[in-house]
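K.L.:
Going by full-length UniProt numbering, the residue at position 59 of the sequence shown is 59; the numbering climbs one at a time, nothing skipped. We treat Cβ as the ideally placed atom computed from N, Cα and C, and that holds for glycine.
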Amino acid sequence: MRVLVVDDDPQILRALRINLTAHGYDVQLADTGSGALRAAADGRPDVVVLDLGLPDLDGTEVVEGLRGWSSVPIVVLSARTDAGDKVRALDAGADDYVTKPFGMAELLARLRAAVRRAAVSGADGGEAVVDAGAFRVDLAAKRVVRRAAGGEVVVHLTPTEWGILEMLARHPGRLVAQRDILREVWGPGYATETNYLRVYLAQLRRKLEPEPARPVHLLTEPGMGYRLVLDP
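1) Can you name the start and end residues of the beta strand (DSSP E) that D58 belongs to?
2) Whether or not the segment 68–83 and the segment 96–103 are in contact is what I'm after, with contact meaning three or more pairs of Cβ atoms, one per stretch, closer than 8 Å; do they touch?
3) Beta-carbon within less than 6 Å of residue 233's beta-carbon, same chain only, minus the 5 sequence neighbours each way: which residues are those?
4) Does A177 come out as helix, strand or coil in the three-state DSSP assignment?
5) Can you tell me the Cα-Cα spacing of L191 and D131, whole angstroms?
6) Terminal residues of the continuous beta strand (DSSP E) containing R206?
7) What's the call for D42, buried or exposed, on a 16-neighbour Cβ count within 10 Å?
8) Can you tell me whether D124 is buried or exposed? The criterion is at least 16 other CB atoms within 10 Å of its CB, across all chains shown.
9) Nearest to H156 by CA position, among E166, A149, V145, I164, is which residue?
10) Measuring alpha carbon to alpha carbon, tell me which of P188, R17, G65 ends up nearest E166.
Structure follows, in structure tokens:
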């Protein structure tokens with residue numbers, strides 16, 4: 001069982017590494033949010049223990065980055081006791097919240113419970129980076145890079161454009177229904193506003209497709225939804 005521990009306190013990292021290793025875990029360590037996202041993409045942990053107070057990113061941003069491509073169980077381990085912090089972390093996608101100071105027996109029990117829930121629900125991770133050929137979608141870093149004649153170019157997307165592309169990239173090759181995209185990106189009250197999607201898909205094609213008028217990656221299935229094709 002691989003566990004990724006993310007904390008900027010060297011003493012906590014050391015203590016958790018020793019204790020978790022003694023209980024049979026294969027332990028990975030990270031002391032920054034960006035380092036945690038890279039470690040998760042490379043190491044594919046079975047569970048993540050995450051502090052919220054990191055030097056470069058807030059822990060909730062790390063949760064959101066992971067949830068962009070992975071269903072790995074996340075147990076927040078933080079000194080923040082305010083209810084608002086707990087709600088934000090859980091709303092971002094964390095599975096559990098343990099406050100510092102903590103008992104190792106409790107943390108181990110929370111880890112086991114989070115892993116069991118993930119196994120029962122059949123949760124599994126996708127790919128952190130989805131390569132469509134003409135462009136690459138980094139779901140962990142929330143970034144899109146387009147291949148051009150002079151090299152690679154980072155593409156600026158609006159939050160709405162990113163929301164649509166992220167949903168398609170989480171299911172490459174599969175049809176994603178219009179209503180599902182509208183509900184996730186805009187909200188439950190917009191499930192019939194298909195004209196919104198036409199406008200934003202046209203914008204995404206202009207930014208990402210080699211020939212926007214003849215798209216080969218961001219395809220429309222009339223009356224049904226959209227599909228991200230990696231190998232046209």
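P.N.:
Let me spell this out:
1) Careful: D58 lies outside any beta strand (DSSP E) and carries neither H nor E.
2) yes
3) The structure shown does not extend to residue 233, since the chain is modelled only from 1 to 232, so the question has no answer here.
4) strand
5) For the sequence presented, residue 191 should be read as Ala rather than Leu. One C-alpha to the other measures close to 29 Å.
6) From DSSP, R206 is part of no beta strand (DSSP E) but of the alpha helix (DSSP H) over 194–208.
7) Under the 10 Å beta carbon count, D42 is surrounded by fewer than 16 other beta carbons and is classified as exposed.
8) Residue placement at D124 is flagged as unreliable, the pLDDT there being 49, under the threshold of 50; the coordinate-derived value follows with that caveat. It counts as exposed.
9) V145
10) G65
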